[in-house]
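Everything on this sheet refers to the single structure shown next.
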Amino acid sequence: MISLQEAISLVVSHTESSSSENLSLSESTGRILAESVLADRDYPPFPRATMDGFALRSEGFSADRIYSYEREVSAGMSLELHPGEESVRIMTGAPVPEGLNAVIKVEDSIEEKKGSVRFRLPSLKENLNIALKGEDLKKGQVVLPGGQKIDASTLSLLASLGKKTVQVSRLPKVHIVSTGNEVVSVEKEPLPWQIRDSNSYTIRAGLFKFGILPQKTTLVGDEESVLRESLTEGLDSDILILSGGVSMGNYDLVPSVLADLGVEQIFHKIMIKPGKPIWFGKKKTTAIFGLPGNPFSVQVCFRIFVEAYLRKFSGLPLERPLLLPLAGSRKKKNKLAEFFPAILDSSSGTKVAPKIFNGSGDVTAGLFSEGIALHPAEREELADGDRIEFRFW
Numbered sequence: 000m001i002s003l004q005e006a007i008s009l010v011v012s013h014t015e016s017s018s019s020e021n022l023s024l025s026e027s028t029g030r031i032l033a034e035s036v037l038a039d040r041d042y043p044p045f046p047r048a049t050m051d052g053f054a055l056r057s058e059g060f061s062a063d064r065i066y067s068y069e070r071e072v073s074a075g076m077s078l079e080l081h082p083g084e085e086s087v088r089i090m091t092g093a094p095v096p097e098g099l100n101a102v103i104k105v106e107d108s109i110e111e112k113k114g115s116v117r118f119r120l121p122s123l124k125e126n127l128n129i130a131l132k133g134e135d136l137k138k139g140q141v142v143l144p145g146g147q148k149i150d151a152s153t154l155s156l157l158a159s160l161g162k163k164t165v166q167v168s169r170l171p172k173v174h175i176v177s178t179g180n181e182v183v184s185v186e187k188e189p190l191p192w193q194i195r196d197s198n199s200y201t202i203r204a205g206l207f208k209f210g211i212l213p214q215k216t217t218l219v220g221d222e223e224s225v226l227r228e229s230l231t232e233g234l235d236s237d238i239l240i241l242s243g244g245v246s247m248g249n250y251d252l253v254p255s256v257l258a259d260l261g262v263e264q265i266f267h268k269i270m271i272k273p274g275k276p277i278w279f280g281k282k283k284t285t286a287i288f289g290l291p292g293n294p295f296s297v298q299v300c301f302r303i304f305v306e307a308y309l310r311k312f313s314g315l316p317l318e319r320p321l322l323l324p325l326a327g328s329r330k331k332k333n334k335l336a337e338f339f340p341a342i343l344d345s346s347s348g349t350k351v352a353p354k355i356f357n358g359s360g361d362v363t364a365g366l367f368s369e370g371i372a373l374h375p376a377e378r379e380e381l382a383d384g385d386r387i388e389f390r391f392w
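The opening residue of the sequence shown carries number 0 in numbering that gives the first Met the number 0; numbering runs sequentially from there.
Here it is, written out as structure tokens:
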């Protein structure tokens, strides 16, 4: 068996890089940017008023003086000063006319009569209430490097930059195979010795986090010929994810069938709990994950290993787990790294509180937890306040 960190490193080092595709801006939400985006011009592209008020020159300003104004400039229009024009009324977002260099907000003004105004300010600073040209971005500046997930803020910025289309990482083609004679689909009524397939739904939910919909989901029993047919079809994808059939029982056929199909085993078994029997391999550019069959094992292994592959594949940076103090104490009786469901306790600062569960087969193990925490392999006991790794689901 290999360590947790060795396994993560092997997954990452064997990850293929996604190609890119060009999408319209409206189709790109949730995708990963595959290009660096530059500013097409200065932002703001002109000196912009940040307040409703009056634009005037800061030089020679006097609070005792009455200023005259004749015109108004609003967002979306521009005007040049007339000879002798000393001030204009201005709206938020409007370009400040050339020759004026300060904006006094309405609240600091007193209109004597229409077209005449004086101000409460004792002095006036240059560029008051003005966003200067290029103070946000300079033309040609890298605004967004590749590897950014396109969320609402990113999408807004891309629209502002005039990016009608964007290069994004191609989503991988994923095939899911759930195995086991004891597993039936959710549409069927299970016999007393059978269980419903929940693992494929767990995997689908994990993929959806990355905007991925699986090409196909298959449920197969522990029959070699049927399993071989399903895995052969699944190898025509970028990622094949299996659950069950990777342990040491007589019906755990997945490793041998994959070997017969020419798949290279990268590792089998890791010093972790749950998820110890996990299998990982490659055939050409196809990655194959054989996850253990217990529900919580699938949740943990997907979160730790499959997500690491998906992040690297898509061009996202690798995750850095949070380091948070433990609430209470925790013991373990083995030399394995243990993942456990955890709740964040904010009663006295943010701490990680272990959630009680009944092992990897407990269908409620992850329920109402906010993530998983790690009890390191080398520590038999954790004390209150010890800092440990925590990952949100």
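Note that the Cβ used here is the ideal one computed from N, Cα and C, for glycine as well.
DSSP beta-bridge partners of V167: E20, L32
Endpoints, the alpha helix (DSSP H) within which Q4 is located: 3 to 12
G370 beta carbon less than 9 Å from that of P353: no
P276, DSSP secondary structure in three states: Assigned with DSSP and collapsed to three states, P276 falls in coil, not helix or strand.
Rounded C-alpha distance that separates I387 from P171: 32 Å
Cα-Cα separation between P320 and G98, rounded to whole angstroms: 53 Å
Counterpart residues of H267 in DSSP-defined beta bridges: W278
Extent of the continuous alpha helix (DSSP H) run through R310: 306 to 313
Endpoints, the beta strand (DSSP E) within which L241 is located: 238 to 242
Length of the line joining the Cα atoms of F356 and Q298: 14 Å
Best match in E58, L317, E232, H81 for proximity to S8 [C-alpha to C-alpha]: L317
Range covered by the alpha helix (DSSP H) that runs through L154: 151 to 159
Beta carbon of V219 nearer than 9 Å to that of A33: no
Cβ-based burial, M50 [other Cβ within 10 Å; buried from 16]: By the neighbour-count rule (16 or more Cβ atoms within 10 Å), M50 is buried.
Every unbroken beta strand (DSSP E) inside the stretch 318 to 360 [3 residues or more]: 321 to 324, 336 to 344, 350 to 353
Assigned exposure category for F207 - 16 Cβ within 10 Å defines buried: exposed
Burial state of N21, where buried means 16 or more other Cβ atoms lie within 10 Å: exposed
T201 - containing alpha helix (DSSP H), residue span: 198 to 207
V176 vs L252 beta-carbon contact at 9 Å: no
Helix, strand or coil at I303 [DSSP, three-state]: helix
Among F338, P94, V165, K104, nearest to N128 - alpha-carbon criterion: K104
Distance, G384 Cα to A286 Cα: 39 Å
Reference N293; option with closest CA among K282, K311, A364: Considering only alpha carbons, the answer is A364.
Cβ neighbour criterion (16 or more within 10 Å) applied to N100: With 16 or more Cβ atoms within 10 Å of its Cβ, N100 is classed as buried.
C-beta contact flag for L399 and K163 at 9 Å: Nothing about residue 399 can be reported from this structure: the residues present for the chain run from 0 to 392 only.
Buried or exposed (CB count within 10 angstroms, at least 16 for buried), L335: Its Cβ being crowded by 16 or more others within 10 Å, L335 is buried.
For D135 and E85, the rounded distance between their alpha carbons: 28 Å
R329, buried or exposed, once every other Cβ within 10 Å from all chains shown has been counted against 16: buried
E388 - containing alpha helix (DSSP H), residue span: Per DSSP, E388 belongs to no alpha helix (DSSP H); it is in the beta strand (DSSP E), 386 to 391.
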